Amino acid sequence: MKQRAHTWIAARAVGLLETEGQVPGLVDLLAPHVKEAAIGAWLPDLSDARLGSAKVDNHVLKMKPVAPALTHFRITKQDLLVRLTPERMLTAFLDRDTILDAAWWDQPYKAYPAPGQHLANRAMALTVTVVDLLLFGDREVTDLVPGPTTFEGRLAPPQLTRAEQAAMHFFMLSHFVADASMPLHCDARKLAAYGAGLHMEMESHWDKQVGTPFDKGHAKWQKMKANQVIPAARNLDARFGITFAGSVPELYAADAWAEVVHQCRASFALASILAPPAQFHYGDETARAPFDTVFGGAAGQALLAEVDRIILHDAVLNVAMVWKDIWKRF
Ligand SMILES: [Zn+2]
7 MKQRAHTWIA ARAVGLLETE GQVPGLVDLL APHVKEAAIG AWLPDLSDAR
57 LGSAKVDNHV LKMKPVAPAL THFRITKQDL LVRLTPERML TAFLDRDTIL
107 DAAWWDQPYK AYPAPGQHLA NRAMALTVTV VDLLLFGDRE VTDLVPGPTT
157 FEGRLAPPQL TRAEQAAMHF FMLSHFVADA SMPLHCDARK LAAYGAGLHM
207 EMESHWDKQV GTPFDKGHAK WQKMKANQVI PAARNLDARF GITFAGSVPE
257 LYAADAWAEV VHQCRASFAL ASILAPPAQF HYGDETARAP FDTVFGGAAG
307 QALLAEVDRI ILHDAVLNVA MVWKDIWKRF
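Residues in the sequence shown are numbered consecutively from 7, following our numbering.
Here it is in structure tokens:
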């Protein structure tokens, strides 16, 4: 995903938690600093952050078939749908899918990320980092966090986390959770590569739909006050035909790492529905599934609208779920 979409997802997740009303302290922490989302939710994709989390394999978990004996890397369709939970729109979509047959689901799939890099690892690392930052919070942060934090008085004021620093890290975390919803981040086929005709085009399509109000370089974004960002984010629901249920469920896995891995497995299945392996074989380096082919014609356009709705709805919900899980620890 690109800057506008990442910014919208983060801002919309704050709005979702605001509507739900279960973690008012978290909303009060994030909402005044929501404009930082244009930096925090986007920073992990900047080339000058490459020494840190911006290394490409931190953003993906690209799976491919492996030997049938590697049963550890197999998950039944039923099991995955249970772990995805009914609240995610992708669950119902996969449930009614007829493109991926029993043999597809019976096959183990595994990713081979570069050493030290892994989408779920980054989400987990930032989750723990945010907990620590909240523990070291200044008076404002401590007053917002619902449980006891005991480091005020034991650390010098410059060592304590300010609200805007904590917010920045929440937004950075949102980036990796959102990336797990992008199907082409989870598919090792060459056709899923950024420049292969589908990946960049889907992300550009979303950024176009999100529009200039969420473009950090555009005057519309620059003029927007913090308290106007969440209403503007909500206004985009209709464009994507998204209706949020209003509740933010607990993580099924009670673990951001496992939750992101499950999301990635589901996203890989979605990629395999968009570009069915019966037609675009795994391991075929030359197969391409261009955007205009996958989403061509009336049926393709309807599929695109449905996929937009599912991916963006679930990305927002997943971010809100992971954030809320952090807050609920206190
Ligand atoms: Zn990314």
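Yeah, the Cβ is synthetic: ideal placement off N, Cα and C, and Gly gets one too.
Computed from a predicted structure; not experimentally measured.
Do Leu179 and Gly143 have their C-beta atoms closer together than 8 Å? Gly143 sits away from Leu179, with the two beta carbons spaced by 8 Å or more.
Nearer than 7 Å: is that true of the beta carbon of Pro50 relative to any heavy atom of ligand 1? Yes, the beta carbon of Pro50 sits closer than 7 Å to at least one heavy atom of ligand 1.
Taking the alpha-carbon of Arg335 as reference, which of Asp261, Glu312, Glu42 and Leu125 has the nearest alpha-carbon? Selected option, being the one with the closest Cα: Asp261.
State the Cα-Cα distance for the pair Phe246 and Arg240, rounded to the nearest angstrom. The alpha-carbon atoms of Phe246 and Arg240 are separated by roughly 11 Å.
How about Phe79 and Pro38: do their beta carbons lie closer than 8 Å? Taking 8 Å as the cut-off, the beta carbon of Phe79 is found no closer than this to the beta carbon of Pro38.
Can you give me the C-alpha to C-alpha distance between Leu197 and Leu76, rounded to a whole angstrom? When rounded, the distance between both Cα atoms is 25 Å.
Nearest candidate by alpha-carbon position, reference Ser187, set Phe99, Ser59, Val72 and Arg271: Ranking Phe99, Ser59, Val72 and Arg271 by CA distance to the CA of Ser187 puts Arg271 first.
Which residues in the same chain as Thr91 place their Cβ atom closer than 8 Å to its Cβ, once the five residues preceding and following it in sequence are excluded? Closer than 8 Å at the Cβ level, and outside the excluded window around Thr91, lie Thr97, Pro255 and Tyr258.
Between which two residues does the beta strand (DSSP E) holding Ala117 run? Residues Tyr115 to Ala117.
Quick check on DSSP: helix, strand or coil for Asp261? Asp261 falls in the coil class under three-state DSSP.
Return yes when the Cβ of Leu150 is within less than 8 Å of the Cβ of Gly3, no when it is not. Limits of the chain in this structure are 7 at one end and 336 at the other, which puts residue 3 out of reach.
Which same chain residues, not among the five before or five after Leu49, have their C-beta less than 7 Å away from its C-beta? Ala55 and Met178, listed in sequence order.
Does the Cβ of Val313 have 16 or more other Cβ atoms within 10 Å, making it buried, or fewer, making it exposed? Classification for Val313: buried.
The stretch 57-75 touching the stretch 110-127, judged by at least three CB pairs closer than 8 Å: Taking a contact to require three or more Cβ pairs closer than 8 Å, the stretch 57-75 and the stretch 110-127 qualify as touching.
From Thr292 to Gly306, what distance separates their C-alpha atoms? So the alpha carbons of these two residues sit roughly 22 Å apart.
By DSSP, does Lys68 sit in helix, in strand, or in coil? Lys68: coil per DSSP, three-state reduction.
Are Met208 and Phe297 close, meaning C-beta to C-beta below 8 Å? Contact flag set, yes.
Do Val300 and Ala277 have their beta-carbon atoms positioned less than 8 Å apart in this structure? Cβ distance not < 8 Å, so Ala277 and Val300 don't count as in contact.
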